[in-house]
Structures are given as C-alpha cells and as structure tokens.
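Numbering (the working numbering), first residue to last: 140 to 918.
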Ligand code: MOS
C-alpha cells in the first residue's frame, strides 16, 4: 500500500486477475493486499475522542426526556393507576399508560417463534417480572420526568411468585402464564445411548450449573423518537436498524416506509439489542402525544431488570468412553429458565453435546421453564458457553479416567461433518484439529502442564487447562444488499444497512472495498445503519456480520469495475471482455497501446459517478459453515483464600480468513474477557424465597471483569484457512466462538491445580474455599 496521504486514489493496482463476467460471482481471493493487514478502525478518532454521537448522546431541539413507571414486584396486577397528579406537574408534556394509550397495542417480547402466551397488551395490567412497564411520562428534564413517575398513584395487587426454575416445576408452584410453567421440552436422540453406555469401559456422571448472566452493555438501552407528520424517526442503540423498523411497524401498524431507524454508533449489544425494546414503542407514543422529540434511555438498574440475560442452566451429563479414547455415549439433560418471556438460550445449550465431538450415541433433553423473572435474550453464542461448561469439563474427566492427555483425547474425536444435522452435511472447513494441535504447540501445553503438576504442595498452586469449541452459526448468508458509488474524482462511497456493533465492521468493509477497487481505505466514506438511506441488512449478530456483508461489498465493487470496463469499451470502441485493469488505467489485453485512465472514462465524467450494486449470494448447498476454536490457559489458585489469578490465555481460532488482524485480535481478547466474567464473577442474585426481587442490579454488586481481572498475557493465534467454499471472501465469523470455551478451560485449569472439580459458576472465592475445605476433609 502507498502510505503517502496525498496519493489518494488507486494506491495499488486494481486487483482483478481477470475481467469479471456479469452475473458471475468473483473467484475467491488468493493473496490479499489490504484485507488481512493491521488496520486501525476508520472511526477510531470519533470513538476515542468522544465526538461520535451515540443514540443516547443525541440531543434534538425541543427534546423531552422520558421515564417509565415499573412494577416493583415479580408478580402483580395493576389494581389502580391514576396519573392525573403527574400530568399537572411542571414540565410534564405527555403521559401514556394502559388506561390512556397503549392498552390496545400488542407487544411480543420475543421475535423468535414465540408461544401464544407471549403476546400481551403493551401496558398489560398483569406484570410477570420485576421491572415490567406500567406507564410512562415525557417532561422537559429527566428530573421532572422522574418526579412525575413518583407522583403517579398506583396500587398493585401482589400475587404469588416463583423466580426459581426448580420450584417452578413443582406441582403447587404459582403459574407464570395461564397453563403450566414448562415452555417447552426439546429432545434429540441418535444411536442407542443405553447400548453406548454398556459398551463403555468407563462411565461418568456429573451435574453442572451455570448462573444467570445479565446483559450490561456499556451504552444503556435507549432511543430518541421524533415525528414529522406521519413519519417516525428513531435513533436507536441497536444491532439492527431494519429489525427495529420491522418491530415498530408490527406494533404500531405503520408502513415500513414511514419508519426511519438510525443507529450510527452503538455501545454494545451482545444479543440484547437485536430488536426494538418496549421502551422504543413507548418513546414513539410519548413523542406523538407531546408533538416533540423524546429521549428514553433506561437507567442501569432498569437494564439489569428488563433487557435480558443468559439463562441459568442446570445440567446433568452422563458419558461413556472406551479405553482407546472412543466416546461411546453422551446422555444430557438441562433445565433452564428464560424468565417470563424467554427468547433463545436454553434451547441451544445442548448443541455442543450433539455436535462438537464424534459420538454415535447421543441423547439430549432440554426443558425451558417460565419464571417471574426478566426476559432472557440471545447472549453472545446463546446456549453454547453453558453446554461447553458441562461437556468440556466432562471431556477432561473422561481423559483422566483412561489416562489420556486432554488434548490427545479431543483429537481422537474430531468430526469432519455435522453429526447433529439431517444428512450429516460436511463442514466447508474444519479447523478444530489444527486449533487443538497448533494451539497446544504455541502454548507449550505439555511442558507447562508438567511443570505446573510438579509444584502441588504449596498453598498457591498452578494449573494448566484447555477446552475446544464450535459455534453452530457463523457463516452468514443472504440477504444483504450493498451499494458502492465511485465518484468522478476516484473517491468512493460505501452504502450498507448493517450496524457496526463495535466489532470493526465498517473498517473491515472499507478494507474489502479497498482490496477490490484498489483505492485507499481513507478515501472511502461509509453510510450505514439507517433504514432511510442505506440498504437492507439483517441485524449484526450471530458472528455472521463479516461473512454476510463482506461478500456483498465485494460484489458491489465488482459491479462498479464491470461498469467501468463497459464504459471504457465504448470510449475505446472495443469489446469490454478484451479489457482489463492495470494500475489506474484500463488496458486492452492484447493491444496495450489501447488504454484509458479510469478517471478519464467519458461515461464516468458524464454521470458524475458509477453505481455498483452487490448482493450476498447463497451459501453452498449441503454444507455447514462453522467456526472452531481451542483455548488454553494457566492459572494460580490460592487454597486458603480461594483466589484465582488467570496468568495466561491463548485463543486458537479457525474463523476462516483473517480480515483485519487488529480487530480480529480485539475480538479474541474481548471474548475471553467476557468468558472470564461468566466463569468467575457474574451472577444474577434473586431474593428467591423472600421478595423475589433482584438483589444486585448495579455494577457495584454485579461483578463484571475489569482490567484487573484480565490476564496480563493473552495470545491470539489465528488458524487461518480462507474458506473459499463458504463465500467469496473466505471469512467464517469471529466473536461469539471466543466466549464459548473460556469458562470450561479455566475450570479445567483449576482442577489441574487443585484436584477439585468446580461444577458451578461463578467460581467465586466463597465457593472455592468451601470446596477446598471439603476436599481436605475427605483426604
Ligand atoms: Mo448475538 S447473541 O447474535 O448478538
């Protein structure tokens, strides 16, 4: 690349190996110039300097501030609501409630095939979790809004609650909805588990549990709503502007064209911002009623209660293994709760048991239970970290029982096809073996394992552990439409609907475009995440954003190039398939004297710009695109205090092509950090048998990992295999896979250090000290 900032255009040759043919997807890239390099984010300055305007930063002229009256009980009915005092207060411009407005609007917490009972009135008098919305107000200042909320005269009839999933299954339990507390029981079976267990040389059984993890993205959930006539504009902190647009249209009965959703920046979502919030609808109603824009940003306490969580899981895994390392049976049961209005999570807990390691006989039963708790949401690799917690600890126990090294044992059971999907489709690429082998080598697994094991007499002990994983999604796919405009001066506009949820999407797409068009990434201006001005995209989630959008960006760039060739052919009076790109020019292949500079093409000059459209093509049929990984860590455990220091982590990830080495490594370090929180500290604490309320609804009492909890030494080791079958850019998706194996790897390291199996998250000092004391007594 030419790094002279004055050389803006065509800094390296247009990288077309041959003239693209209309309608044909471009061939996979071989070696790349810009893609794969280390590139700081295109919006780094805006993000770091604070000049980036996030939706909750936005201030519009005449804007009001909203606040929501919420039910303080886990289960209650609104008996009486009188808002008249609030309405008369200074600065109050609008009040909405079930009595006035919103009673007749229907709301569904989950967009993922919800059971019928999930549809309620927007302001339903029956409140099924602490924090359910009852009424809302918009006022000149946030303080006036909250004063008005406090002035509302509300009486609740408190009803019996159940916030514990085990209690919810008991026959005398209060019902969350009308019939029974079981949402659904999902079963899966292949082979003959009974026979598989009989054939095993060793059978082990263990129960595992993971705590409920709360969504707490840095930017609070919230939006600004504004009407111009019958057109509604929403600035939303979201992972997908089009998803929010669809949700609003459904609830308010508006045409999609009348709803504009903008989300240029957003401060984290992790699955909790894949859809509109109830607060989004409330903000729109308040703005309509007041005739002024309304900002409704939730407080941190409100987000803890209402915006989602990773459901808790209680799991039992019985497993059989033969002496040669063959897994002969896996028998898994799981009970979890997605709260009163579940969405994703518990149903995916069994996926790794079904599909990660070769096993002929597998049975999984997963039960999701209603409780009077806040709705679960997709949460970074829904279900997978929970299942990994059970499976990857069991894999270590099995390895020990047959005297095999944990890495070797896993290597004997690496599949090349998806066992759990119908027809056993092959994976496009499967780097699990390479992740295990190369990760172990880079980490010096055997040497460090042995060294740690030699020092087990001290109070502070060292242990080395690992875990493998796959992520059942990734890969991406249609639909996605991207538009690329080449201006007459050679600068470029990239137009895409996808959100950049902090992962560097904009930067990577600029790199893809730079690669294909031969322009410097710096001259690319990106328009994104705005339903009025950019093209349709699915929400950024599922670690599918890069493999979904990048091929569409590439296709749009190829379309621009084809159009340039067609225009140049007219100028040169030749056939366009005789032309090719050479640096900043278009040249005749067999008569190089015939050439024209791209910026001299008369069609480009006349039109002022060339517009290319790219669509995301289909995925390969009969194949599965999944990312794989293995993680390795070393810990130090204090047997007296229960403190665990995580010294070192290595993530070996097969996510296909590395698009930007910088943001790639960021994803690995960030995902491991999130996994550390899940493993060590994060837990929703409910007053289960008292009030049913959440006791740690803030960042003081709910412990997220901070810089001090992150290992000083972390290594990102890309196992790079451009996946040419998956799509035209070879990327499979990174992000969620990173969070999956982290907790189990730490637990395995703690076992290695202490000989104590920790089967419950979080692995707090309190829990560990009790376990260490109990194991000492046993000895
Ligand atoms: Mo993710 S849980 O698909 O944002």
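Idealized CB from N, CA, C, for every residue including glycine.
- Message: I need the DSSP call for residue 155, collapsed to helix, strand or coil.
- Response: For residue 155, the predicted model reports a pLDDT of 43, less than 50, meaning its position is unreliable; a value from the coordinates is still stated below. In the structure shown, residue 155 sits in coil (DSSP, three-state: anything other than H, G, I, E or B).
- Item | Cβ neighbours of residue 548 in the same chain (closer than 6 Å, five flanking residues each side left out) | 464, 538
- Anticipated Cβ contact below 8 Å, residue 769 with residue 605, distance rounded: 6 Å
- Nearest-angstrom Cα distance between residue 335 and residue 499? 8 Å
- Message: Would residue 378 and residue 640 qualify as a contact pair, given that the criterion is a beta-carbon distance under 8 Å?
- Response: yes
- Item | Alpha-carbon spacing of residue 451 relative to residue 747, whole angstroms | 57 Å
- Task: Would you list the one or two residues that DSSP bridges to residue 853?
- Result: 788
- Decide if the stretch 808 to 826 is in contact with the stretch 344 to 354; the criterion is three or more beta carbon pairs, one per stretch, under 8 Å apart. yes
- Select from 219, 399, 635 the residue whose C-alpha is nearest the C-alpha of residue 664. 635
- Item | Local Cβ density within 10 Å of residue 126, reported as buried at 16 or more and exposed below that | Since the displayed the chain opens at 140 and closes at 918, residue 126 lies outside it and no answer follows.
- Alpha carbon to alpha carbon, how far is residue 140 from residue 659? Residue placement at residue 140 is flagged as unreliable, the pLDDT there being 37, under the threshold of 50; the coordinate-derived value follows with that caveat. Taking the straight line joining both Cα atoms gives about 8 Å.
- Message: Pop quiz: residue 600 and residue 893 are said to be a contact at Cβ under 8 Å. What is the actual Cβ separation, rounded to whole angstroms?
- Response: 6 Å
- How is the beta strand (DSSP E) around residue 773 delimited, first residue to last? 767 to 777
- Message: Quick check: what's the CA-CA separation for residue 855 versus residue 409?
- Response: 21 Å
- Fully enclosed by the stretch 444 to 482, which beta strand (DSSP E) runs are 3 residues long or longer? 452 to 460, 466 to 478
- Message: Would you say the beta carbon of residue 518 is closer than 7 Å to some non-hydrogen atom of the ligand MOS?
- Response: yes
- From residue 518 to residue 321, what does the alpha carbon distance come to, in whole angstroms? 21 Å
- Write down the C-beta distance between residue 459 and residue 492 rounded to the nearest angstrom, noting that I regard them as a contact closer than 8 Å. That belief does not hold up - the Cβ atoms of residue 459 and residue 492 are roughly 13 Å apart, past 8 Å.
- Selection from 569, 695, 575, 535 that minimises the alpha carbon distance to residue 164: 695
- Message: Would residue 791 and residue 578 be called neighbours here (beta carbons separated by less than 8 Å)?
- Response: yes
- Through-space distance from residue 478 to residue 508, alpha-carbon basis: 7 Å
- Quick one: what does DSSP say residue 374 is sitting in, helix, strand or coil? strand
- Item | Outcome for residue 188 when other beta-carbon atoms lying within 10 angstroms are tallied against a minimum of 16 | exposed
- Message: Under DSSP, the beta strand (DSSP E) around residue 633 begins and ends at which residues?
- Response: 631 to 635
- From residue 942 to residue 178, what distance separates their C-alpha atoms? Residue 942 cannot be examined here, being either before or after the span of the chain that is shown, 140 to 918.
- Message: Give me the residue from 236, 213, 214 with the minimum Cα distance to residue 222.
- Response: 236
- Query: Can you list, in chain order, the stretches of the beta strand (DSSP E) that have 3 or more residues and sit fully within the stretch 651 to 689?
  - Reply: 663 to 667
- Residue burial classification, residue 269 (beta-carbon count within 10 angstroms, cutoff 16): buried
- Task: Alpha carbon to alpha carbon, how far is residue 225 from residue 814? Give it in angstroms, no decimals.
- Result: 45 Å
- Mind checking whether the beta-carbon of residue 583 lies closer than 7 Å to any heavy atom of the ligand MOS? no
- Query: Helix, strand or coil: how does DSSP classify residue 733 here?
  - Reply: coil
- Task: Measure the beta-carbon distance from residue 730 to residue 715 and round it to whole angstroms, keeping in mind my assumption that it falls under 8 Å.
- Result: Not really, about 14 Å apart at Cβ, beyond 8 Å.
- For residue 844, is the beta carbon positioned less than 7 Å from some heavy atom of the ligand MOS? no
- Helix, strand or coil for residue 891 per DSSP? helix
- Item | Euclidean distance between Cα positions of residue 415 and residue 296 | 29 Å
- Item | Simplified DSSP state of residue 291, which is helix, strand or coil | coil
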